[in-house]
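Protein chains in written order, with my numbering: chain A, 5 to 215; chain B, 5 to 215; chain C, 5 to 215; chain D, 5 to 215.
Think of the CB as a built atom: it goes at the ideal place given N, C-alpha and C, for glycine as much as any other residue.
There are 4 protein chains.
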Amino acid sequence: MDVSSRPEPRTAPARSRSETHRRLLEAGATLFARRGLHRVTSHDVARTAGVAAGTFYLHFEDKEALFREVVFQAVRGLRERLDGVGRRGLPPDAAVRARAEELLAFAEEHRELVRVIFGRDHDAAGVGQDALDFLAETSERNLRQRDAAGSRSLHPAVTAQALVGMWARVAAWWAAAPAGVPREAVIETLVRIQLSGTQSAPSERPHRSRP
Amino acid sequence: MDVSSRPEPRTAPARSRSETHRRLLEAGATLFARRGLHRVTSHDVARTAGVAAGTFYLHFEDKEALFREVVFQAVRGLRERLDGVGRRGLPPDAAVRARAEELLAFAEEHRELVRVIFGRDHDAAGVGQDALDFLAETSERNLRQRDAAGSRSLHPAVTAQALVGMWARVAAWWAAAPAGVPREAVIETLVRIQLSGTQSAPSERPHRSRP
Amino acid sequence: MDVSSRPEPRTAPARSRSETHRRLLEAGATLFARRGLHRVTSHDVARTAGVAAGTFYLHFEDKEALFREVVFQAVRGLRERLDGVGRRGLPPDAAVRARAEELLAFAEEHRELVRVIFGRDHDAAGVGQDALDFLAETSERNLRQRDAAGSRSLHPAVTAQALVGMWARVAAWWAAAPAGVPREAVIETLVRIQLSGTQSAPSERPHRSRP
Amino acid sequence: MDVSSRPEPRTAPARSRSETHRRLLEAGATLFARRGLHRVTSHDVARTAGVAAGTFYLHFEDKEALFREVVFQAVRGLRERLDGVGRRGLPPDAAVRARAEELLAFAEEHRELVRVIFGRDHDAAGVGQDALDFLAETSERNLRQRDAAGSRSLHPAVTAQALVGMWARVAAWWAAAPAGVPREAVIETLVRIQLSGTQSAPSERPHRSRP
DNA sequence: AATGAATGAGGGTTCATTCAT
DNA sequence: TATGAATGAACCCTCATTCAT
Numbered sequence: 005m006d007v008s009s010r011p012e013p014r015t016a017p018a019r020s021r022s023e024t025h026r027r028l029l030e031a032g033a034t035l036f037a038r039r040g041l042h043r044v045t046s047h048d049v050a051r052t053a054g055v056a057a058g059t060f061y062l063h064f065e066d067k068e069a070l071f072r073e074v075v076f077q078a079v080r081g082l083r084e085r086l087d088g089v090g091r092r093g094l095p096p097d098a099a100v101r102a103r104a105e106e107l108l109a110f111a112e113e114h115r116e117l118v119r120v121i122f123g124r125d126h127d128a129a130g131v132g133q134d135a136l137d138f139l140a141e142t143s144e145r146n147l148r149q150r151d152a153a154g155s156r157s158l159h160p161a162v163t164a165q166a167l168v169g170m171w172a173r174v175a176a177w178w179a180a181a182p183a184g185v186p187r188e189a190v191i192e193t194l195v196r197i198q199l200s201g202t203q204s205a206p207s208e209r210p211h212r213s214r215p
Numbered sequence: 005m006d007v008s009s010r011p012e013p014r015t016a017p018a019r020s021r022s023e024t025h026r027r028l029l030e031a032g033a034t035l036f037a038r039r040g041l042h043r044v045t046s047h048d049v050a051r052t053a054g055v056a057a058g059t060f061y062l063h064f065e066d067k068e069a070l071f072r073e074v075v076f077q078a079v080r081g082l083r084e085r086l087d088g089v090g091r092r093g094l095p096p097d098a099a100v101r102a103r104a105e106e107l108l109a110f111a112e113e114h115r116e117l118v119r120v121i122f123g124r125d126h127d128a129a130g131v132g133q134d135a136l137d138f139l140a141e142t143s144e145r146n147l148r149q150r151d152a153a154g155s156r157s158l159h160p161a162v163t164a165q166a167l168v169g170m171w172a173r174v175a176a177w178w179a180a181a182p183a184g185v186p187r188e189a190v191i192e193t194l195v196r197i198q199l200s201g202t203q204s205a206p207s208e209r210p211h212r213s214r215p
Numbered sequence: 005m006d007v008s009s010r011p012e013p014r015t016a017p018a019r020s021r022s023e024t025h026r027r028l029l030e031a032g033a034t035l036f037a038r039r040g041l042h043r044v045t046s047h048d049v050a051r052t053a054g055v056a057a058g059t060f061y062l063h064f065e066d067k068e069a070l071f072r073e074v075v076f077q078a079v080r081g082l083r084e085r086l087d088g089v090g091r092r093g094l095p096p097d098a099a100v101r102a103r104a105e106e107l108l109a110f111a112e113e114h115r116e117l118v119r120v121i122f123g124r125d126h127d128a129a130g131v132g133q134d135a136l137d138f139l140a141e142t143s144e145r146n147l148r149q150r151d152a153a154g155s156r157s158l159h160p161a162v163t164a165q166a167l168v169g170m171w172a173r174v175a176a177w178w179a180a181a182p183a184g185v186p187r188e189a190v191i192e193t194l195v196r197i198q199l200s201g202t203q204s205a206p207s208e209r210p211h212r213s214r215p
Numbered sequence: 005m006d007v008s009s010r011p012e013p014r015t016a017p018a019r020s021r022s023e024t025h026r027r028l029l030e031a032g033a034t035l036f037a038r039r040g041l042h043r044v045t046s047h048d049v050a051r052t053a054g055v056a057a058g059t060f061y062l063h064f065e066d067k068e069a070l071f072r073e074v075v076f077q078a079v080r081g082l083r084e085r086l087d088g089v090g091r092r093g094l095p096p097d098a099a100v101r102a103r104a105e106e107l108l109a110f111a112e113e114h115r116e117l118v119r120v121i122f123g124r125d126h127d128a129a130g131v132g133q134d135a136l137d138f139l140a141e142t143s144e145r146n147l148r149q150r151d152a153a154g155s156r157s158l159h160p161a162v163t164a165q166a167l168v169g170m171w172a173r174v175a176a177w178w179a180a181a182p183a184g185v186p187r188e189a190v191i192e193t194l195v196r197i198q199l200s201g202t203q204s205a206p207s208e209r210p211h212r213s214r215p
């Protein structure tokens, strides 16, 4: 987000290539988060980055490539956090909760971008969907591993899609209106859905006793 | 002044207003499903509907208004189907399954449009998200009713968002590549997630004892 | 996505910015003088200037801005000529005549444009009026200076408006049909009106006997 | 061309032709005064008049024809008032003043329209200029009559143009900002200019005796 | 590497006018 | 006479992208 506090320029007279690249990426992140893909022009990005219009194309194939880069940079961050949870060796229930916590933390830190990628401002030419595919991949792999043993009825691919759809939607919705529901309630609900489904009433489970 | 260069209009009304409206709506549904919002022009729609370019604007405020109309027409259809399930007075588990079936049937019948609205070709200026909000409303209302009695931990709004996110993603994903996973597996998985969560836990779980 | 249908731009800069600007200005002056504001399109101007359509908007906000620029360039020229008269230190009568001469010379040199700005082809969205305001300003200032001493009854602002109205109308009328009345007669009449009013009657001046 | 002298509704069940005509004229007057010629559409006029779009063209050749009609109706009114002054047989000075009074009264009564016809909102496709020609005609005729006897130096046509230019500009300017200058001051100034020219300082006229 | 003027296809939208009913 | 749906040419303006410097 900030440009001023940069270590960088080591030798060059003008700006270094990577410095310019970074500035464009940063400008893109800021602007896309604010206005979405197609309400930002390549000139806007260049101007914000403090470079000439043509310079943009020395660093990115086209506008969508930058958008893609911005989105995936963020999403890779999310995936790493989620993967990190896996590496902690928590018991399943705790892991589910930890992942929900990471998701919400991510949504909080990238409120604007989350809205653009997963949510309503989305005019993102499928990039958001690609991002979900990306997340779903890991999820699916994890599910497969876990199910190596048993579970006939939960199809890993479907489950993965269902989970990322759920996460993305909830993250976007919550990021857009954080005031409405306390963070803890969101986490609790996500956890419960993943652990016991939506047929609430956890204790007695009345829904299972059916004639 | 300059009368000579005037175009000499050659045709006339002939069709009823509502007929024209319907044709535009139909043309829009076809084209948007095929190419998404911004790879369709208002001229395309008019041409496909067999009317003049200007006629479009006699019936719709602008291109997005038509898109919105097309999307909501479809989504209203889905909601009605889902609501219909509620009216059948089924036991909870059966209702969950019936809804999943309706969802998949809908995705099958509107394969292209589902992809555009909920999925990857989506550049829909937030219309898809509005559609999800629309679906989430009903869902949330239903959850509140059901929970009138108990359930402390499942927040209805969050749950509703989670569900529609899950449904939309799964529907879009499945509509885009129906070959991969058999319809029954998708339904089974959705049902299982909603009834028991994703923690499969193969052996002891009573919910697997079903005909 | 869709790269194939992209237009493959074929040319390049080559001309200096200011050169292009000048060409557009010149093209605008020619075309507006010939056809007035709204019978000239931005494409016409670009084509005449030998640049691409979009280039127009790199140099002018919109069509009206160019028109405005063209008009004011001319009107500034007129004002300078009129101001020049003031600087010659002529006696008042001679100054009045000199100004009338400048006005007619201007009308002769910019015959077409004068008709567009002040006259009948005018569809100029108020630009002609703004031009008159601009001229009236100086006129009013001059009148105020002169009247520092005396003159109760001639309101400077009103007088200035009256004068520019008179000039503009006479210039436009004469520019449109120069054959009708010899230049000298126009000048003589303008001078006489300003010096003695319209109550001609040369010899005895009966109109001055007023209560 | 003329509407006023029509014999009016004789039979019809629905609205009579002349009634419809009148409503259109009235709607036009209101709308044009408010927004000028090309910010009013033929649909606007029809809607305001409470008739269908097509009906407009049963009564007027095109939009400009209605505009023309509206303008000339007003200007004929002004000319009649000015002519009325001539018929009162006043002494010349008094007549000049009376005409100025009529002009200002007219400007006051038709404030909006005066601004559109003669003034800054003008985008009137030359109609305002035609209106001035119309006024100038009478003026010129009057001047010729008066000058039958003498006056070498005041060319009637030029004088007429000068006068209408002056009047129109002053009327438009004053109508646009009536607060600025009291009505009496405007009249007084117009009278003085016409009677003695702009070289103020009436009594001693020091400026004429110059070395 | 960077610059920035230029390109030009493309698209959305308006509105005067017609004419079958 | 009136209606009002339809017409379709016209026009402005944007913006992703190029390339000579």
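Euclidean distance between Cα positions of residue i and residue j
i: Gly54(D); j: Leu62(B); result: 19 Å
i: Leu117(B); j: Ala102(A); result: 36 Å
i: Asp137(A); j: Met170(A); result: 13 Å
i: Thr24(A); j: Leu29(B); result: 47 Å
i: Arg187(C); j: Ala104(C); result: 10 Å
i: His126(D); j: Leu41(C); result: Legend: pLDDT at His126(D) = 45, less than 50; position of this residue unreliable, value from coordinates given subsequently. About 12 Å.
i: Phe60(A); j: Asp134(A); result: 24 Å
i: Ala161(C); j: Arg21(C); result: 41 Å
i: Lys67(A); j: Thr45(A); result: 8 Å
i: Glu113(C); j: Arg119(C); result: 12 Å
i: Ser200(D); j: Phe36(C); result: 39 Å
i: Phe110(B); j: Thr142(B); result: 17 Å
i: Phe64(D); j: Ala33(D); result: 14 Å
i: Arg39(A); j: Arg115(A); result: 13 Å
i: Thr202(B); j: Thr193(A); result: 13 Å
i: Asp97(C); j: Gly81(D); result: 38 Å
i: Arg150(B); j: Val185(A); result: 20 Å
i: Gln198(A); j: Arg145(B); result: 21 Å
i: Arg83(D); j: Arg27(C); result: 46 Å
i: Ala69(B); j: Phe122(B); result: 18 Å
i: Arg85(A); j: Arg196(B); result: 27 Å
i: Ile191(C); j: Thr52(C); result: 37 Å
i: Leu107(B); j: Glu106(A); result: 30 Å
i: Asp87(B); j: Arg43(B); result: 34 Å
i: Asp48(C); j: Ala31(D); result: 36 Å
i: Arg214(A); j: Leu139(B); result: Any reading at Arg214(A) is ruled out, since the residue's pLDDT is 40, under 50, leaving its predicted position unreliable.
Enclosing alpha helix (DSSP H) for residue i [first to last residue]
i: Ser20(A); result: From DSSP, Ser20(A) is part of no alpha helix (DSSP H); its letter is neither H nor E.
i: Gly169(D); result: 160 to 180
i: Asp48(B); result: 46 to 53
i: Leu41(B); result: Where Leu41(B) is concerned, there is no enclosing alpha helix (DSSP H), given that its DSSP letter is neither H nor E.
i: Ala189(A); result: 187 to 200
i: Thr59(B); result: 57 to 63
8 Å contact criterion, which residue i and residue j should meet: CB distance rounded
i: Ala50(A); j: His159(B); result: Incorrect: roughly 44 Å between the Cβ atoms, too far for contact.
i: Ala99(D); j: Val89(D); result: 6 Å
**OP:** Report yes or no: do three or more beta-carbon pairs, one from the stretch 84 to 99 of chain A and one from the stretch 64 to 73 of chain A, lie closer than 8 Å?
**Re:** The answer is no - the stretch 64 to 73 of chain A does not touch the stretch 84 to 99 of chain A, with fewer than three Cβ pairs under 8 Å.
Original post:
Touching or not, the stretch 162 to 182 of chain D and the stretch 174 to 194 of chain C, by the rule of three or more beta carbon pairs under 8 Å?
Top reply: Yes, the stretch 162 to 182 of chain D is in contact with the stretch 174 to 194 of chain C.
Subject >> Any beta strand (DSSP E) of 3 or more consecutive residues that is wholly inside the stretch 73 to 154 of chain B >> reply: Runs of the beta strand (DSSP E) lying entirely within the stretch 73 to 154 of chain B, each at least 3 residues long, are absent.
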